[in-house]
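Below you'll find the structure, written out as structure tokens, and then a few comments.
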Amino acid sequence: MKKSLCLLAVLVLGMTLLGGCAQQVQTADDHYDQDHAHHEEITVFEVIDRRADEVTAYVHGDHWHGSLPNIAAGESISLGAYIEEDDEEVLLDGDHHALGVILADGAEEGIVSFDLHGDHVHIKGEQEGETTVIFQFIHGGDVEYETPPITVNVVQGN
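All residue numbers for the sequence shown refer to the numbering used here, where the first residue is 24 and numbers rise by one.
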């Protein structure tokens with residue numbers, strides 16, 4: 024009887040140790056997933072006015088510095104982006120990595136329209152007014168990052 028109790032105690036202790044190891048492996052996997060997700064962070068997002076080939080606005084935390092160029096009604100502007108993911112430049116190729124733009128939630132509709140070209144976007148002034156847009160970094164067909172909203176002003180055309 025004592026031998027059976029001793030064997031049972033060893034068995035229970037062994038199962039407890041194995042269970043602890045399995046929990047430790049899960050914790051290590053969770054840590055890896057968190058680290059992996061952390062490494063896919065957009066660290067720089069700059070909007071480039073392609074006419075002047077210069078940065079016109081950039082994201083700083085949860086807000087913008089700079090502004091988008093005014094757009095004349097009936098005309099469009101061509102905008103590119105310089106993006107860094109984990110402090111490494113992302114090349115916008117239009118396939119695997121692309122730039123997108125959408126109206127922000129609650130933004131005035133009918134002021135602008137968009138033409139998406141993958142590595143750059145065109146924002147066309149449809150009518151005078153002001154609205155807000157959000158730029159997107161699209162990775163493998165999925166939106167990986169969205170900027171804070173930024174104002175677009177459409178002014179009277181020539």
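We put the CB at the ideal spot given by N, CA and C, even for glycine. Predicted, not measured: the structure shown is a model, and the values here were computed from it.
Residues bridged to residue i [DSSP beta-bridge criterion]
i      : result
Ile65  : Glu108
Ile134 : Ile134 is not bridged to any residue.
Ala121 : Ile161
Ser90  : In the DSSP output, where bridge partners are listed per residue, Ser90 has none listed.
Asp116 : DSSP lists no partner for Asp116.
Gly148 : Val135
Gly103 : Ile71
Thr79  : None, per the DSSP bridge assignment.
Integer-rounded CB distance, given that residue j should sit under 8 Å from residue i
i      : j      : result
His140 : Gly117 : 7 Å
Gly148 : Ser99  : 7 Å
Ala104 : Phe68  : 7 Å
Residue burial classification, residue i (beta-carbon count within 10 angstroms, cutoff 16)
i      : result
Ala121 : buried
Glu63  : exposed
Val177 : buried
His114 : In the sequence as presented, His is not what sits at residue 114; that position holds Leu. So Leu114 ends up on the exposed side.
Thr66  : exposed
Val124 : buried
Glu182 : Outside the shown range of the chain, which is 24 to 181, sits residue 182, and nothing can be said about it.
Glu153 : exposed
Val70  : buried
Val175 : buried
Val166 : exposed
Between the stretch 117-134 and the stretch 84-91, are three or more C-beta pairs nearer than 8 Å? no
Tell me whether the stretch 72-80 and the stretch 159-167 touch, counting them as touching only if at least three CB pairs, one residue from each stretch, are closer than 8 Å. no
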